[in-house]
Amino acid sequence: MTLQPSITVIGIGEDGLDGLDSAAQKRIREARLLVGGKRHLDLISKSSNQSRLIWGADFSSALPRLKEAKPKDRIVILATGDPLWFGVAERLIKELSSKVIEILPNVNAFSLAAARMRWSLSDPMVRTVSVHSRPFSGINSEIFHGHCLLVLSKNKKSPAELAALLSMRGFGKSRMTVLEKMGGLNERQTTGLARDNWDAHRFTNLNVVAIHCEKGKNVEEWSLSPGLPEEAYNHDGKITKSEIRSVTLSALRPMPGETFWDIGSGSGSVSIEWLRLYPSVHAFAFEKDKRQLARIKSNAQKLGVPRLKIIDGNVPGSLEKVDANPNKIFIGGGISEPGVIGECINRLVVNGRLVVNAVTIESKHQLLTTWKRYGGDLVNISTAYAGQIGRLNAFRPSMEVTQWRWKKN
């Protein structure tokens, strides 16, 4: 038996009712309560037997009323385009998990923009990004030469902010097109280069920016693969070296959707590169040094993963601040603190992996003892770079790293 929805979410475009099918129009006509932003509600003629509820940038104020919804209330929520693609429906489903929610989507802004630009959304070089309700720095992980970006803006200032970011990154030659009011009578496009003066333009709050990324000469791009060079990070020297970082992430074996703990995070390099691998993974960086905490945040923003959760405090005490148990844990510092390894083993999910790196004699001795107790693999990793010695050359070895790898069965 099909359950009657308590709430119906309808995607609506600039063409208002005319762009909706008969089922969506019927839901709106029969609604007792119509909910949406002022822009959405203005597209619908008022009815004497219908109440209206306007929400602003955040719909939290409407949640108490929605949580009480019953099928007889006939509540309809109006949203832009496809409510499940960077839209309001995703949060509604989480917040109102006990309710039966019906979703009637419309053409989303990305599809409209792609059609205007003649870009195929199935092309892997075409990327869709939202800065509407997400940190602006998240776009940094998508700026690569040749990428075609479709960016759902936060407001009318977003095009100028995007242009400034591209120019700062050395992508001032990138061609930008701002698309407004798509599908409506007043549709408009504005095109130029990122290095142009975008502050001189006046845009509407609802817009999509299409960007064909083109880098300038001698611009450094940071790969998404593990092992970024140390100059990619702001650090004080306390950073897991590039080759060791690659081996460490390989030993962790990241998988989509997993949660990762980076303990003794330092500059945040391991957790940042974990997050850059998949958009669906999560990471928590644990660090007690205040200066390092600031570096972690700065590095995460610079490299396009502002979603990194940064936890301030000593371990193992600060581990209690995180409810979600991890699939993978890396300990790069702090293993001398009593109970750290034991608490990590307790919190690790079944089939999860723990990787610990040690450099000092004392920490290596602790890993030897731990390996004898729990098993796993104990590996010694060494690197050496060639350098000049007088008129000849020789390899200069770096400090060896002992790595313990363990899987929870």
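Residue numbers (the numbering used here): 132 to 540. C-beta: ideal position from N, C-alpha, C; glycine also.
Opening and closing residue of the beta strand (DSSP E) in which residue i lies
| i | result |
| --- | --- |
| Q320 | R319 to L324 |
| K459 | K459 to I462 |
| K440 | K440 to D443 |
| A210 | I206 to T211 |
| V235 | Per the sequence shown, the amino acid found at residue 235 is Leu instead of Val. Residues I232 to L235. |
| F190 | Note, F190: premise wrong, no beta strand (DSSP E); not H, not E. |
| A414 | H413 to E418 |
N- and C-terminal bounds of the alpha helix (DSSP H) containing residue i
| i | result |
| --- | --- |
| L424 | K421 to K433 |
| T533 | Here T533 belongs to no alpha helix (DSSP H); instead the beta strand (DSSP E) covers V532 to K538. |
| H171 | K169 to L172 |
| V219 | V219 to E226 |
| L450 | First-last for L450: undefined, no H or E at that position. |
| A246 | A240 to M248 |
| L197 | L194 to K198 |
6 Å CB neighbourhood of residue i in its chain, flanking five on each side removed
| i | result |
| --- | --- |
| L355 | R407 |
| A244 | L281, L310, V339 and A341 |
| W329 | P290, A291 and A294 |
| H366 | S398 |
| P202 | Q135 and S137 |
| K538 | R484 |
| T390 | H413, A455, P457 and N458 |
| E374 | T514 |
| Y409 | P387 |
| K169 | I185 |
| T99 | Residue coverage of the chain in this structure runs from 132 to 540, which leaves residue 99 outside it and unanswerable. |
| N445 | K419 |
Counted within 10 angstroms of its Cβ, other Cβ atoms place residue i as buried (16 or more) or exposed
| i | result |
| --- | --- |
| I492 | exposed |
| M132 | Residue confidence is low: M132 scores 48 on pLDDT, short of 50, so the model does not pin down where it sits. Its coordinate-derived value is still stated next. Exposed, since its Cβ has fewer than 16 Cβ neighbours within 10 Å. |
| N570 | No information on residue 570 is available, as it lies outside the stretch 132 to 540 that the chain covers here. |
| Q423 | buried |
| H171 | buried |
| L148 | exposed |
| T501 | buried |
| T322 | exposed |
| N271 | buried |
| A246 | exposed |
| G435 | buried |
| V350 | exposed |
| N540 | exposed |
| R163 | exposed |
| S182 | exposed |
| I520 | exposed |
| N511 | exposed |
| R300 | buried |
| R249 | exposed |
| A382 | buried |
| A75 | As shown, the chain starts at 132 and ends at 540. That puts residue 75 outside it, with no answer to give. |
| S264 | exposed |
Anticipated Cβ contact below 8 Å, residue i with residue j, distance rounded
| i | j | result |
| --- | --- | --- |
| A325 | L297 | 4 Å |
| I427 | I441 | 5 Å |
| P371 | G463 | A small correction: the amino acid at residue 371 is Thr; Pro does not occupy that position in the sequence shown. Indeed, because the Cβ distance is near 6 Å, the residues count as touching under 8 Å. |
| S402 | A416 | 5 Å |
| V481 | R536 | V481 to R536, Cβ: 17 Å. No contact. |
| V219 | R158 | 16 Å between Cβ atoms; not a contact. |
| A200 | K230 | 6 Å |
| L283 | V262 | 7 Å |
| I141 | A155 | 5 Å |
| W105 | P385 | Outside the shown range of the chain, which is 132 to 540, sits residue 105, and nothing can be said about it. |
| M307 | C279 | At roughly 11 Å, the Cβ-Cβ gap does not stay under 8 Å, so M307 and C279 are not in contact. |
Spatial neighbours of residue i in its chain, beta-carbon cut-off 8 Å, leaving aside the 5 residues before and after
| i | result |
| --- | --- |
| A517 | N524, A525, F526 and R527 |
| R160 | S178 |
| A515 | F526, R527, P528 and S529 |
| S411 | P387 and G388 |
| K304 | L324, A325, R326, E345, K346 and G347 |
8 Å Cβ cutoff, residue i in contact with chain C
| i | result |
| --- | --- |
| I472 | The structure shown contains no chain C; it holds only a single protein chain. |
Residues near residue i by beta carbon distance below 7 Å, same chain, minus five either side
| i | result |
| --- | --- |
| H545 | As shown, the chain starts at 132 and ends at 540. That puts residue 545 outside it, with no answer to give. |
| E474 | P447 and L450 |
| G470 | P447 |
| G144 | G150, G212, N237, V238 and G314 |
| D146 | G314 and G315 |
| R319 | E311 and K312 |
Check: residue i C-beta below 7 Å from any heavy atom of the ligand FMN
| i | result |
| --- | --- |
| S429 | This structure lacks the ligand FMN, and indeed carries no ligand of any kind. |
At what residue ranges does the segment 468 to 523 contain a whole run of the alpha helix (DSSP H), taking only runs of 4 or more? 471 to 478 and 492 to 505
Identify every run of the alpha helix (DSSP H) within the segment 256 to 327, keeping only runs that are complete inside it and at least 4 residues long; order them along the chain. 289 to 299
Could you name each continuous alpha helix (DSSP H) segment of 4 residues or more that falls completely within the segment 332 to 402, going from the start of the chain to the end? Under the rule that a run must span 4 or more residues, the alpha helix (DSSP H) segments found entirely inside the segment 332 to 402 read 373 to 383.
Contiguous beta strand (DSSP E) assignments of at least 3 residues, all confined to the segment 141 to 187: Complete beta strand (DSSP E) runs here, min 3: 164 to 167 and 182 to 185.
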